[in-house]
Amino acid sequence: MKSALSDAFSAGRFPHALILQGEPGTGRRTLARLIAQALVCRRRGKAPCGECPACLRAKAGSHPDIRMVEGKGDSGSISVEQIQEMAADAQRMPDEADYSVYILVFGEYILDAPQNKLLKLLEEPPAGAVFLLVCRSARALLPTIRSRAQVFQLMPPSEEEAAQWLEASRDISPGEARRLASLCGGNLGLMQGELESGTAKEAMEAAAAMALALPGRGAHNLLCAAAPLLKDRALCRQALVRLGLIFRDACMLRCGGKTLLGGAPEAADKLADLPLKQLVRLPELAEEARQNLERNANTSLLVTQLCAGLREAIGRT
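Under this note's numbering, read the sequence shown as residues 24 to 340, first letter to last.
Below, the structure written as structure tokens:
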């Protein structure tokens with residue numbers, strides 16, 4: 024990804040639209056801001072230099088040619104009005120730089136109406152305008168939008184690299200840094216959040232317990248393992264994300280892979296004994312439940328339906 028962006032920038036062929044997808048905490052916004060800073064930097068050969076007035080204003084969030092468009096409300100949805108305002112603004116020439124850069128941060132629920140407005144803008148982009156779309160998954164965007172942008176996937180660094188970074192940036196011991204890296208799968212954002220709130224461990228334990236209980240006889244143990252999710256929507260959200268990663272790891276192991284992200288290798292290994300045809304359905308169910316949670320679904324009903332769906336997917340009743 025870095026070489027592709029650098030080559031396009033050096034050749035003066037930077038794409039008018041990029042999609043930066045990845046789990047929260049993987050640095051999507053940070054990368055978008057860094058790209059925007061490079062595009063407005065006055066030292067083209069060293070962009071982003073971090074020292075010129077343009078870079079300093081970009082880092083401070085005050086550069087006139089960089090605009091952030093973020094969703095509002097609990098769902099973080101970007102509205103039609105926001106896209107219309109951005110489209111009108113994009114028709115003007117940049118104030119100082121060679122580009123006008125728009126960073127669109129999409130929430131968990133992306134509405135079709137503003138996407139259709141955005142599509143018209145991407146079909147005939149104004150000269151000098153660059154749009155950086157930040158989202159969890161490009162699949163949530165319209166296929167026509169994806170076809171008009173380059174998509175880049177952001178992944179967490181290795182647990183060792185993440186631990187070294189956290190140890191260097193925060194006043195914690197090497198052992199604690201390694202523990203957090205393992206707990207959060209190397210996700211730097213989650214690691215920092217765990218230092219402040221301490222909920223990642225509880226979410227991982229709940230997700231691992233659900234994964235371990237899933238193949239067993241009867242649904243009682245699975246429902247008991249899922250019980251902590253009922254008391255806290257934020258915890259439920261984190262646990263569903265972690266559960267999806269564990270299911271992904273199980274699929275990976277079943278296919279002979281070794282790279283695990285869920286932080287619960289024992290649970291993933293146990294699930295990997297299931298037929299692949301059953302396994303591939305599990306990550307979809309966890310993601311569907313997470314999306315329904317963002318749409319303010321009743322937590323108790325959602326968790327109950329998820330448990331029933333998971334049992335059905337693996338042929339258990």
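Even glycine gets a Cβ: it sits at the ideal position worked out from N, Cα and C.
- The C-alpha of Ala-320 lies about 16 Å from the C-alpha of Gly-332.
- The beta carbons of Ser-123 and Ala-152 sit closer together than 9 Å.
- Looking at the backbone, the Cα of Gly-198 and that of Gln-114 are separated by about 53 Å.
- For the options Glu-46, Pro-166, Ile-168, the alpha carbon positioned closest to that of Leu-211 is the one of Glu-46.
- Arg-36 counts as exposed, since fewer than 16 other C-beta atoms from the protein chains shown sit within 10 angstroms of its C-beta.
- For the 9 Å CB-CB criterion, Ala-163 and Ala-40 do not form a contact.
- In this structure, Leu-253 lies near Cys-259, with their beta-carbon atoms less than 9 Å apart.
- When secondary structure is reduced to three states using DSSP, Glu-217 falls in the helix class.
- Linking Ala-312 to Gln-328 through their CA atoms gives a straight-line distance of about 9 Å.
- 9 Å or more divides the Cβ of Cys-207 from the Cβ of Ala-229.
- Taking the Cα positions, Cys-247 is about 10 Å away from Cys-330.
- Note: Val-153 is bridge-paired with Val-124 in the DSSP secondary-structure output.
- DSSP places Glu-104 in the helix class (H, G or I) of the three-state scheme.
- Comparing alpha carbon positions, the residue from Tyr-132, Ala-242, Lys-140 closest to Val-103 is Lys-140.
- Counted as a single uninterrupted DSSP element, the beta strand (DSSP E) harbouring Leu-43 occupies residues 40–44.
- Residue pairing by DSSP places Gln-173 opposite Leu-41 in a beta bridge.
- The beta-carbon separation of Glu-190 and Gly-209, rounded to 13 Å, does not stay under the 8 Å limit for a contact.
- Considering only Phe-154, Arg-318, Ala-273, Asp-292, the residue with the shortest C-alpha distance to Lys-300 is Ala-273.
- By the 16-neighbour rule on beta-carbons within 10 angstroms, Lys-293 is buried.
- With the rule of 3 Cβ pairs closer than 8 Å, the stretch 53–65 counts as touching the stretch 77–91.
- Counting only runs of 4 or more residues that sit fully inside the stretch 296–334, the alpha helix (DSSP H) segments are 299–302, 304–317, in chain order.
- In this structure, the straight-line span from the alpha carbon of Phe-270 to that of Leu-302 is close to 7 Å.
- With a threshold of 16 other beta carbon atoms within 10 Å, Arg-265 meets it and is buried.
- Under DSSP, Arg-90 shares a beta bridge with Tyr-125.
- Nearest neighbour of Leu-213 by Cα position, chosen from Gly-241, Ala-262, Ala-231, turns out to be Ala-262.
- Note on Cys-278: under 16 other CB atoms within 10 angstroms of its CB, so exposed under the neighbour-count rule.
- When the alpha-carbon of Asp-118 is set against those of Ser-85, Gly-130, Phe-129, Ile-133, the nearest one is in Ser-85.
- In the displayed model, Lys-95 falls within a strand according to three-state DSSP.
- Contact check for Arg-51 against Leu-177 passes: the beta carbons are separated by less than 9 Å.
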